[in-house]
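Engineer: Okay, here's the structure, questions in a sec.
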Amino acid sequence: MTALSKTRIVERIKLKELIVSPLLPDQLGRSSIDLRMGTVVLVARAGAQSHVDPCAYRHESIKDDDHDIIQGRKQKHERYDIPFNESFLLHPGSLALVPTFEWVILPSDLQGIVTARSSWAREGLNIATATIINPGYMGIITLELANFGEIPIKLYPGLRLAQIAFYNIDKGDGDNNYGSDGDGSEFNMSFEPKAGKLVKSDWPFIPKND
Amino acid sequence: MNPKQFLEQECKNVKEFLKDTLRYKYGSNVSKKYFSECNNRLKYISDEIDNTDPKDLVGLHKNGSLLNELTGLISRIERSSLGNYSWPFVEQLKKISENICTEQTLLNPNTPPIFHIFSGEGLSSYAIYPEQNRVRVSKNRILTIVFPRTLKHFVLLHSILGHEIGHAIWRSQSHQHKLSQIMESQLFRSGGPFLDRKTTAEWLYSDDAPNEVKAQLNIFKNKFRQFKTLTKDNFFDIFADWDAWKEEILCDFIGLLTFGPSFVAAHCQLLYAIVPSGINVGPKHPPVGFRVNLMLAASRILGYETIDGLPKGEILDTLNKFWGELKGKKQTGTWFNPFSDEQIKNVLVELQNLIDSYPPASFELPQKELLEKLFLQLVSKVPPLGFEMSSDDPVLNEVDFRHILYIGWIATHHHSQIPFDIINRLCEHAIMQQIGINTYISQTKKTAK
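In order, the protein sequence lines correspond to chains W and S. Here the first sequence is numbered in the working numbering, starting from 4 and rising by one per residue. Here the second sequence is numbered in the working numbering, starting from 1390 and rising by one per residue.
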């Protein structure tokens, strides 16, 4: 895998093969693009769940109109709309899902890796995981923000919180369909963050009578 | 408790209720204004009740009604949390309507209204409550904008609110006289069926009216028989409100001039969804088909169907398909087209002049270059906005959200067949992003100064 330099990133954007829209001045780094915070925040609702249990997801895919399943899903997070110039307070130890301000489309030969910007990381703000964005992905990118510091952090939509670097994919013969209609993931074409399907095909490892 | 004591208790209840609403986050930057306005009104009503003699039943009744109205306003807060409607669209709607909805008060000759938003029920809940009358102490008129909850993200359809802006303007002292003068002189009194109630009823009951209208009037005929048989002579006395019909026509014109082609498309889509036959005669609304035909004729006269200099190709084809489908909604028959092009043109010119005096209320067609850029973004499933990377640095531009809506409507006819809900989400996202771009541009301009 080779990381794209600024020149290559600009080239691909100009050719409209890679979309990161919109870009404001100073967002382009030497080998990455800064990503801004969008205008929605999802925070795990205190008291909604005693713990995260994969067993609770067992019937989710087959019973899509079940009251308890929907209630559990909807009450898991508190959702906030944060217009520009308004703020959100991220408390120590809490996790928030926020969308990027930018809309991203990756071509079939590039993978994106999202990490926190170091200046924010020094204040305790971390992207909980380095997110991999698959080739062909289309939509906002969800940033999983965690405050590892000891004091709350005030966040405003539009702040540059994360960065994305792009890497060439070494494709095999069977990989030509990447990007033909999104990346095929459950998060493709997302307009705002949402909770994921926790276990997917891991059922064999989940006890049935729990 | 006597009635006065009960009202005093209710004032305390309303005060607690008002405080309770601050548990919710409603509207962007307007929470404080709305709270203060309601609080002022409550203080005034409480004082009035305190000063009313317990035996003055008329005075108590009047103040009780005012208190009830205020409670209604406050209860709307509970249905107005930010997540229930599209705030980016609302921000832009406020921007285009604030100037034209200002009014003269003792404090300020141009007092802006307070916009309050909540989500309503059903497709026909789109509305702006204009608050024509209010208590003397109030500082600002409250314009309550209602969106159907189910259509939260369907910003293309929200263009119908141009019509509701019309109601808000009509119900303001600043414009009613002028608007009435324009409509009467250029349209209603210059020929056609709206000369007076009698001519409108004659048009409705004429031999060349469509059979569906005749059938509906026939059904209505005996609907009110406990009072009278409905005929053309009493149609506007016991069934329909003639002035409301005329107000609807005015508001359609205002919608067209404020939202452009997107208004026509939303108008056709929603009216035909509610009244599929397009024929229904309502107590407050003239027949849908007549209104749709009028808007299509007005669009043609305003030159909305073309974009200067747009070359042959994919965009022009899609634009033509969009207008082709809209024109397909036109009802045939001269009965549906009672006004001449000359009349429609004259009324449009005068209304346009009025709206132009209150920028940025007026819709202007996009230049072809902008249309092309937005179109190419949207059909590639990218939110259409004022950003491009033609050089090595990003180029940012302000884009009117009504152009984003228009391109959204055009793209619904593109061969890629992007689903209608996705186009709406992309356009809503673009409006949000464009607000971010505009904020950036305006702040950097200020810093540069």
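Glycine included, every Cβ here is placed at the ideal spot set by N, Cα and C. No experiment lies behind these values; they were computed from the predicted model shown.
Could you say if the segment 1568-1585 of chain S and the segment 1732-1739 of chain S meet the contact criterion of at least three C-beta pairs nearer than 8 Å?
Structural biologist: These segments touch.
Engineer: Please report the distance separating the alpha-carbon of Ala215 of chain W from that of Pro207 of chain W.
Structural biologist: For residue 215 of chain W there is no data in the structure shown, the boundaries of chain W being 4 and 213.
Engineer: Using CA atoms only, rank isn't needed, just tell me which of S:His1556, S:Val1535, S:Ala1557 is closest to His1547 of chain S.
Structural biologist: Answer by Cα proximity: S:Val1535.
Engineer: According to the neighbour-count rule (16 or more other Cβ atoms, all chains shown, within 10 Å of its Cβ), is Arg1578 of chain S buried or exposed?
Structural biologist: Looking at its Cβ environment, which holds fewer than 16 other Cβ atoms inside 10 Å, Arg1578 of chain S is exposed.
Engineer: For Lys1673 of chain S, which residues from the same chain have a beta carbon less than 8 Å from its beta carbon, with the 5 sequence-adjacent residues on both sides left out?
Structural biologist: Contacts found: Ala1629, Asp1630, Ala1633, Trp1634, Glu1637.
Engineer: Taking the straight line between their C-alpha atoms, what separation do you get for Asp213 of chain W and Thr1410 of chain S?
Structural biologist: The predicted model places Asp213 of chain W with a pLDDT of 46, which falls under 50 and marks its position as unreliable, so this point remains unresolved.
Engineer: For Met1821 of chain S, return the contacting residues in chain W, with the cut-off set at a CB-CB distance below 7 Å.
Structural biologist: Within chain W, the residues near Met1821 of chain S are Thr42.
Engineer: Touching or not, the segment 1755-1764 of chain S and the segment 1588-1595 of chain S, by the rule of three or more beta carbon pairs under 8 Å?
Structural biologist: Too few Cβ pairs lie closer than 8 Å, so no.
Engineer: Determine the direct distance from the alpha carbon of Gly1722 of chain S to that of Glu1458 of chain S, and round the result to whole angstroms.
Structural biologist: C-alpha separation (whole angstroms): 46 Å.
Engineer: Based on Cα-Cα distance, which residue from S:Ile1434, S:Arg1465, S:Gly1461 lies nearest to His1450 of chain S?
Structural biologist: Of the listed residues, the one whose Cα sits closest to His1450 of chain S is S:Ile1434.
Engineer: Using 8 Å as the cut-off, can you tell me whether the segment 1427-1444 of chain S makes contact with the segment 1490-1497 of chain S, which would need three or more C-beta pairs spanning the two stretches below that distance?
Structural biologist: Because the criterion of three Cβ pairs below 8 Å is not met, the segment 1427-1444 of chain S and the segment 1490-1497 of chain S do not touch.
Engineer: List the residues of chain B whose Cβ lies closer than 8 Å to the Cβ of Thr1828 of chain S, in chain order.
Structural biologist: Included in the structure are the protein chains W and S, with no chain B among them.
Engineer: Are the C-beta atoms of Phe190 of chain W and some chain S residue less than 8 Å apart?
Structural biologist: It does not; no Cβ of chain S falls within 8 Å.
Engineer: Which residues in chain W have a C-beta closer than 9 Å to the C-beta of Lys1716 of chain S? List them in chain order.
Structural biologist: Near Lys1716 of chain S there are no residues of chain W at all, since even the closest Cβ is about 33 Å away, more than 9 Å.
Engineer: List, in order along the chain, the chain W residues whose C-beta lies closer than 8 Å to that of His1803 of chain S?
Structural biologist: Under the 8 Å cutoff, chain W gives no residues; its nearest Cβ is about 16 Å from His1803 of chain S.
Engineer: Nearest to Met1821 of chain S by alpha carbon, out of W:Lys157, W:Leu113, W:Ala119, W:Asn88?
Structural biologist: Checking every option, the nearest Cα to that of Met1821 of chain S belongs to W:Asn88.
Engineer: For Ser1563 of chain S, collect the residues of the same chain with a Cβ closer than 6 Å to its Cβ; drop the 5 residues on either side in sequence, then sort them by chain order.
Structural biologist: Excluding sequence neighbours, Ser1563 of chain S sits near Glu1492.
Engineer: Check this for me: beta carbons of Val1681 of chain S and Leu1660 of chain S, under 8 Å apart or not?
Structural biologist: In this structure, Leu1660 of chain S lies closer than 8 Å to Val1681 of chain S by Cβ.
Engineer: Can you tell me which of the three DSSP states Ala1557 of chain S falls into?
Structural biologist: In the structure shown, Ala1557 of chain S sits in a helix (DSSP, three-state: H, G or I).
Engineer: Once the 5 residues before and after Glu1739 of chain S are set aside, which same chain residues still bring their CB inside 7 Å of it?
Structural biologist: If we look at Glu1739 of chain S and ignore the five residues flanking it on each side, its Cβ neighbours are Ile1571, Gln1575.
Engineer: Closer than 7 Å by beta-carbon distance: list the chain S residues that pair up with Phe104 of chain W, in chain order.
Structural biologist: Simply Gln1822, Gly1825.
Engineer: In angstroms, rounded to a whole number, what distance separates the CA positions of Asn1391 of chain S and Leu1431 of chain S?
Structural biologist: In a straight line, the C-alpha of Asn1391 of chain S is about 20 Å away from that of Leu1431 of chain S.
Engineer: Would you say the segment 1516-1530 of chain S touches the segment 1780-1791 of chain S, given that touching needs at least three Cβ pairs under 8 Å?
Structural biologist: Short answer: they don't touch.
Engineer: On the DSSP letters alone, give me the boundaries of the alpha helix (DSSP H) that Pro1392 of chain S sits inside.
Structural biologist: Segment 1392-1409, the alpha helix (DSSP H) holding Pro1392 of chain S.
Engineer: Could you name the residues of chain W that Pro1582 of chain S contacts, counting a contact when the two beta carbons are closer than 9 Å?
Structural biologist: Per Cβ cutoff of 9 Å: no residues; Pro1582 of chain S is ~47 Å from chain W at best.
Engineer: Tell me which residues share the same chain as Lys1718 of chain S and place their Cβ nearer than 8 Å to its Cβ, disregarding the 5 neighbours each side in the sequence.
Structural biologist: So the list reads Cys1657, Tyr1661, Gly1667, Val1681, Leu1685, once near-sequence residues are dropped.
Engineer: Does His94 of chain W come out as helix, strand or coil in the three-state DSSP assignment?
Structural biologist: The answer is coil: DSSP assigns His94 of chain W none of H, G, I, E or B.
Engineer: Does Pro1772 of chain S have its Cβ less than 8 Å from a Cβ in chain W?
Structural biologist: Yes, its Cβ sits closer than 8 Å to a Cβ of chain W.
Engineer: Three-state secondary structure (DSSP) at Tyr1474 of chain S?
Structural biologist: It is coil, neither helix nor strand.
Engineer: Starting from the beta carbon of Asp1781 of chain S, find every residue of chain W whose beta carbon is closer than 7 Å, and list them in chain order.
Structural biologist: In chain order: Val13.
Engineer: From the DSSP secondary-structure annotation, give me the bridge partner or partners of Met40 of chain W.
Structural biologist: In the DSSP output, where bridge partners are listed per residue, Met40 of chain W has W:Thr103.
Engineer: Just checking my contact of Ile1531 of chain S with Gly1644 of chain S at CB under 8 Å: how many whole Å lie between their CB atoms?
Structural biologist: 21 Å between Cβ atoms; not a contact.
Engineer: Starting from Tyr1661 of chain S, trace the alpha helix (DSSP H) both ways and give me its first and last residue.
Structural biologist: 1650-1663 is the extent of the alpha helix (DSSP H) around Tyr1661 of chain S.
Engineer: Do you know how far the Cα of Ser1420 of chain S is from the Cα of Pro1748 of chain S?
Structural biologist: Between Pro1748 of chain S and Ser1420 of chain S, the C-alpha separation is close to 26 Å.
Engineer: Check the C-beta distance from Leu1765 of chain S over to Tyr1829 of chain S and give it rounded, since I have them as a contact under 8 Å.
Structural biologist: The Cβ separation is near 23 Å, so there is no contact.
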